[in-house]
Structure formats: structure tokens, C-alpha cells
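In the order they appear, the protein sequences are chains A and B.
Residue numbers for the first sequence follow my numbering, beginning at 2 and rising by one.
Residue numbers for the second sequence follow my numbering, beginning at 3 and rising by one.
All residues carry an ideal CB built from backbone N, CA and C; glycine is no exception.
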Amino acid sequence: MGMTGRIYRAALCAAAIFTLSIISAGPLRAEAPGLPAPTDAAARGLAIAQESDKRDRGWGDAKADMKMVLTNASGETSERALRFMMLENTDGDGNWSLMTFDKPADIEGTALLTYPHVKEADEQWLYLPTVKRVKRISSANKSGPFVGSEFAFEDFSAQQVGKFTYKWLRDEPCGDRTCHVVERAPQYEDSGYTRQIVWIDTTDYLFRKTDFYDRKDSLIKTLTYQDYKLYDNKFWRPGELAMANHETKKSTRLIWQSYAFHTGLTKDDFSTASLERAR
Amino acid sequence: MAKSSRAAFFAVIAALAPACAHAEDLSLRGMIEPELRLFTQSASSARQKDTDISVSGELTGKYMWDNGDQSLIVTPFARLDQRDSRRTHWDLREARYGLVMGKWEVRLGFDKVFWGVTEAVHLVDVINQTDLIEDPVKQEARLGQPMLRLRTTQDFGTFDAFVLPYFRERDFPGANGRPAYDIPVDMDLTRYESSRKERHVDAAFRYAHHLGDIDFGLSYFQGTNRDPILTPALSSGGDLVLSPYYAQMKQASIDAQATKGAWLYKFEGYWRHELGREYEAATGGVEYTFYGALGTEGDIGVVAEYALDSRGLMARDPYENDGFLALRWTANDEASTSFLGGAVVDAETGAMGFRFKGERRLGDDYRLSAEAYFFGNVPRPDPIYSIADDNYLQFRIARFF
Chain A
2 MGMTGRIYRA ALCAAAIFTL SIISAGPLRA EAPGLPAPTD AAARGLAIAQ ESDKRDRGWG
62 DAKADMKMVL TNASGETSER ALRFMMLENT DGDGNWSLMT FDKPADIEGT ALLTYPHVKE
122 ADEQWLYLPT VKRVKRISSA NKSGPFVGSE FAFEDFSAQQ VGKFTYKWLR DEPCGDRTCH
182 VVERAPQYED SGYTRQIVWI DTTDYLFRKT DFYDRKDSLI KTLTYQDYKL YDNKFWRPGE
242 LAMANHETKK STRLIWQSYA FHTGLTKDDF STASLERAR
Chain B
3 MAKSSRAAFF AVIAALAPAC AHAEDLSLRG MIEPELRLFT QSASSARQKD TDISVSGELT
63 GKYMWDNGDQ SLIVTPFARL DQRDSRRTHW DLREARYGLV MGKWEVRLGF DKVFWGVTEA
123 VHLVDVINQT DLIEDPVKQE ARLGQPMLRL RTTQDFGTFD AFVLPYFRER DFPGANGRPA
183 YDIPVDMDLT RYESSRKERH VDAAFRYAHH LGDIDFGLSY FQGTNRDPIL TPALSSGGDL
243 VLSPYYAQMK QASIDAQATK GAWLYKFEGY WRHELGREYE AATGGVEYTF YGALGTEGDI
303 GVVAEYALDS RGLMARDPYE NDGFLALRWT ANDEASTSFL GGAVVDAETG AMGFRFKGER
363 RLGDDYRLSA EAYFFGNVPR PDPIYSIADD NYLQFRIARF F
């Protein structure tokens, strides 16, 4: 290795150490200033949700791979693999997404494009690769299982702040952190839930756990968010989401891999025409 | 398959070969699917049998580069059939190059294009020839079509322009084939209105857009009608056969869908000029889905559609005044289990057709499907009379790899 090579390697090491030190330090942010008082539970709950949303702004666009592991009551598993493209939507109406199936093989290439909305119905198109057909589909199917998993369609699509009303319940320890415990009730049509209870940590305002209550108001599912990683020194993403169904004893794990931000995706990559492209 | 398409196939394979060096961008997928058909009635011809074993296979090679903006896709398909030498056939479903440049897109080669919104009849979908042998009743399989396609996607919609330099003939079952017309189609007697025959260059345009809960498309096609006129003739051996005649046509069409909650409202219609005559056809209907039906995780979908053709019983399309009703149940389970039951009734002749289909995945790599087609009360003037004694059950197991 020549002189240039050695300089290059030294520079790389310096960069690595610098990056590592930033990651380990993390963005130290205290509880959001000016959070409404506990006496106004609704305003405090909403402010916590807004703060969590605000801290994740600016990611622009992202690509990621997802592995979905379905486990039935007797412990047998089956897998699905999907690729995601996401585009940040700053107007509060929700982020655009395009997901493509790689597995199971019989639906390989099937893709779903979603423009979520807060007030009107979400817009969704499905691409069926064997017949090369783009189909506008009804988004009224909020509570149905997504590809046989324990995740409902709404668990993916309905995450905007404006889709719920909020009530702060309490603050309590969660793991090695402290969490705001907030109840949120869906305000959109066709939800399968009466309410959800979410644990949002007070340090980074990340979702740690969600309890889902069905239409009979009994606890049906619990979602835990694990292995948070920091990307671009700014955006936290969970490495794994685990949904347990307390009624059927089935569970689904979503394993997120190879997250990439600011990949240069634009609205052109999320058109109904783009569904027909090779991916 | 014609010589030119074979040449195109090898050209694409040759182009694909150096790409194999970058294995990370190359994917190869395929499936093989054995099939058993059981016919429940006695055949109209002694050459037709009551059982048929067959196997089909499809392979897709995909190579992407330039950050995914350029792609090559090749999808050959082939079937081997125990009885019918015509059903033993192969096709290039796709063999095309694609280039994306921001709002612009170019595709060149064998490709498949779907236009339309309805479920029972696909009236406005005219770019690709029907692979009749693959799907003789529902007629949803298509042959690859050589084309140059230019597309631009703007804020006010998507525009497509197509140049279609070569025509693919419809494939028909042979004398041993079943289901089949009582009089076999002799593809050696194919005739064309155009003196350029299959080399007539066709053109098509489409504008599609969505506004709120309305999706719509306006299309125009000018060239060889994919749907042949079949006329009685004598084969070289002196037998009575049907001779396909491909006329030139101009077609303007509209397709639209309104999506209102769990309701879908659909319409397709065309106006055609062909052989100095004008005619119209339309189809439309509603689809409603009961999500989480009967307290389960499954959905029940109901589709009701109607099709009308101004040519009446003279139409080559069998659905000239017909109503359709279908029920679809999807379990939303791990195996993607689904059942479909459909009926078609001809309001003019009273003829009825029924279709049942069930399918599910087995493990991660297999798919099992069973289908049944039955006809009833079909009078002689009805266009499906000839295949009405070909009720059948079909079983398939697909293995994906």
C-alpha cells in the first residue's frame, strides 16, 4: 500500500471514529418544552403525539426491505419478503408508500401504492404482475389482516396524528427509559379498534409499545418496537416490530433491513404508472 | 412462433448474457405447473377424449442496472399437452428493454399491456392477442406483443403511445383439443384485410388519469383487429374447417371506475369502425365487498356486471346481451385461500355458463388450484353452443422456484 493508500485509510478511520462518537452520544433531547400540564390530558396527549411526529420530520424519502415472519398458535412459521419505497408528505396527510412483494413466490411482483389521507378515504392501487393490471382498490378494508398476518391494513396506513383523538394517561418507566402513556382513539371510518394505548419514551419520543383494543373494547393485540437504530444521525427506525395476538395466540414479526434515506425518490416514483415498472 | 420473434428472442438472450456478470442485479424466477382436465360429457368428436394431462412452465429473467432505470426482462412460457398438438405451444410473454428518464419511459420488445376496469369481459383491452388455448373460456391469457411504447407521466395524467409493428395470430385448439369448436379452425387458411398481412403496423394511444375517487382512461387503436371473423371453408385435405379473417379496425374507447368506500362502479365502452360498418359495445357494473364477513377475518365480494353489443347475436364476442354475477370469498389466511363462483346468463338466448375456482398456497412454494366450467341451456344460435358439450374440471399444482 502506497502513501496515498495510508492517508486514505487514516482519513477513513478518523471518519469512522467521529461517526461512532456521534452515534453513541445520540441527539440528546430532553422532554419537549412546553408540554401541556397533566391536568389537560387531551392537550398533553396530542402534544406528545405531535412532538413524536415533529422529531421525525425531514427524512424526505426512504427505501427499506422488510421480512415478515408469521407464527401460528402451534409455532409453525411462514415468511414474506417485501421491499418498501416511502416518500415523506409534510402536509400532515400521511406519507406515500409503494410496497412490492418478493415472497411468497406466487405473488412475487405484486405491488401496493398508497396515498393516505386524514379526512378523505386513502387512495390505493394494486398491481397484479401476471396480468399486468393496475387496479384501484377500496381502502375501506381497514381492519382486515394484511397478507394473513397479525397486522391489519390500518396498522400500516393509519399513523398520522390527525387520525386520532388523544388522552394522556400517565408517565411510567418502560425498560431503561421513562414513557408517556397515551390513549388514542381512531377517528377514521371502518377501524377495527375502539382505542389504542401507546407508550412513547420521553427521551426521543419513540413508540415503544402499543396495546390494541377491539370493537368489544377487549385487549386483542400488543405491538412492541425493538432494536431502534439511528440513521443519518437523525432518524430512529425500529429494527423489529413484534405483534402478538392475545386471542388467536398467533404472532407476526416485521424485520426491517437496509434502511436508506434521501435516495433521490420523487413523486414520479409513486405514480400509478410507476407501479408497472420493473422493481 | 414466427421467425422474427425467434430472432428477437435470441437477440435479447445475447444482450442478457454479459449482464450475468453482475449477479446481484440479475434475478431468475420460474414456475412449473402440471394440470389435469376431466371432461364430464361425451365428446362431439371421436378424436376428443375425456381426460387431458398437461404441464406448463414459465421463466422470468430480470436484469436491472443504472439504479433501476434500465431493465431487461425475458419471460418465455411453454406448455406440453398430452392430446392437442396445438396446445403444445410456447410464447414469449415478455422480452423487453425498459428505460425510465424522470417523467418519460420507453419500452421496446415483446410486452403485455392491460387496459380496462371490469371483471367479466375485457372490451377495451385490445393491444395483446388472446392466448385462447391457455384460457379457452375466460380468455384472460395473452400472447406477448412486439411493440415500441413511449410513456410520459404528467400532473394531469399518463400518456402512452404505441407502435405495434407485428401482429400475432390468435391460437386455436387442434382437432384433438377440448374445449373446442365443433368445426376446427384451420390456421393455414388465415386471411387478412391488409395486404401487409401480419406486418401491418398498428398504432395506439392512451390517456389515463385519476381525480379523487374516479380513475379513467381514454384510448384509441388503429390496426388489425385481434378478434378474427371465422368463416366456413374447406381445408387442403377437403375437410370442413373455419378460416380466420383479420380485418382492419379503428377503435375509440373509454373505461372508468368510481371507488366509493366498499363500492366500486365500473364502466367500459368502445366505438368501432370495421369493414365499412360501425358498431358499439359496453359493459359495466358494481362490486361490493363485505370486509370481515360473518364475523371472520375473510371478505366476501359480490360482482354484478352486464355486457351489451350493438351487433347482437351477429357479434363475434359471445357476450352481446349478457348478465354476470360472481361471489368471491377470500379467507385472508396465511395460505391465501380463496373461492370464486360465477354465473353468466345470456338475456337473449337464455344460455348459461358457470365457473367455480378455489385456490390456496401450500407451504411457501406451491399453489393448488381447482376450477370447473359448466354450461347449461345453450341453444344452437348462441355463440358458445359449440363448446357447450365441453364441461370440465381442472386441477393444477404450481411449483415456484
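Per DSSP, A/ARG45 is not a residue of any beta strand (DSSP E); the alpha helix (DSSP H) it occupies stretches across 42-55.
Residue-level contact by beta carbon fails for B/THR132 and chain A, as no gap is shorter than 9 Å. Annotation: Cβ neighbours of B/LYS114 in chain A (cutoff 7 Å, chain order): LYS133. Inter-residue distance for B/TYR321 and A/ASP123 is about 35 Å (C-alpha atoms, whole angstroms). In this structure A/HIS263 is exposed. Its beta-carbon is surrounded by fewer than 16 other beta-carbon atoms within 10 angstroms.
For B/LEU364, the beta-bridge partners assigned by DSSP are B/TYR368. Residues of the same chain with a CB within less than 8 Å of the CB of A/LEU36, apart from the 5 flanking positions on each side, are ARG45, ALA48, ILE49 and GLU52 in chain order.
Distance from A/MET86 to A/ASN96 at the Cβ level is roughly 11 Å; contact not present, criterion being Cβ atoms closer than 8 Å. Taking the Cβ atoms as the reference, B/LEU40 lies roughly 7 Å from B/ASP52, within the contact range of under 8 Å.
When secondary structure is reduced to three states using DSSP, B/ARG279 falls in the strand class. In its chain, beyond the 5 residues on either side, ALA353, ILE386, TYR387 and ALA390 have a beta carbon closer than 7 Å to the beta carbon of B/VAL380.
Three or more Cβ pairs closer than 8 Å define a contact, and the region 148-157 of chain B falls short of that threshold against the region 229-240 of chain B. Cβ-Cβ separation between B/ALA249 and B/GLU289: approximately 34 Å, too far for a contact (criterion under 8 Å).
The C-beta distance from B/LEU150 to B/ALA206 rounds to 11 Å, too long to meet the 8 Å contact threshold.
Chain B places no beta carbon closer than 9 Å to that of A/LEU127, leaving this residue out of the contacts. Within chain B, the residues GLU299 and ASN334 have their CB atoms less than 7 Å from the CB of A/PRO146, given in chain order. In the displayed model, A/SER158 falls within a helix according to three-state DSSP. In this structure, the straight-line span from the alpha carbon of A/LEU114 to that of B/ARG198 is close to 42 Å. Looking at the DSSP output, A/PHE165 sits in a beta bridge with A/PRO187. CA-CA distance, B/ASP133 to B/ARG144, rounds to 5 Å.
Contacts with chain B at 9 Å (Cβ-Cβ) include A/LEU71.
For B/ILE75, the chain A residues whose Cβ falls inside 7 Å of its Cβ are ALA279, in order along the chain. DSSP places B/GLU200 in the helix class (H, G or I) of the three-state scheme. As the crow flies, the alpha-carbon of A/LYS168 is around 33 Å from that of A/ILE138. Looking at B/TYR281, B/THR261, B/ARG401 and B/ASP335, the one whose alpha-carbon comes closest to that of A/SER140 is B/THR261. Per DSSP, reduced to three states, the secondary structure at A/SER275 is helical. Nearest CB-CB separation between A/LYS164 and chain B: not below the 9 Å threshold.
Under the Cβ criterion of 9 Å, B/LEU125 is not counted among the residues facing chain A.
In this structure A/LEU99 does not touch A/ALA82 by the C-beta definition: roughly 15 Å separates them, more than the 8 Å allowed. Spanning the alpha carbons of B/ARG369 and B/GLU35 requires a straight line of approximately 9 Å. Chain B has a Cβ within less than 9 Å of the Cβ of A/PRO105. Scanning its chain for C-beta atoms nearer than 6 Å, with the 5 sequence neighbours on each side dropped, one finds around A/GLN258 the residues ASP66, in chain order. Listed along chain A are PRO105, ASP107, ILE108, VAL148 and GLY149, each with a C-beta nearer than 9 Å to that of B/SER338. Contact annotation for A/ARG196 against chain B: no contact, minimum CB-CB distance about 19 Å [criterion: below 9 Å]. Chain B places a beta carbon closer than 9 Å to that of A/ARG137, counting this residue as a contact. For B/MET66, the closest alpha carbon among the candidates B/THR90, B/GLN147 and B/LEU28 is that of B/LEU28.
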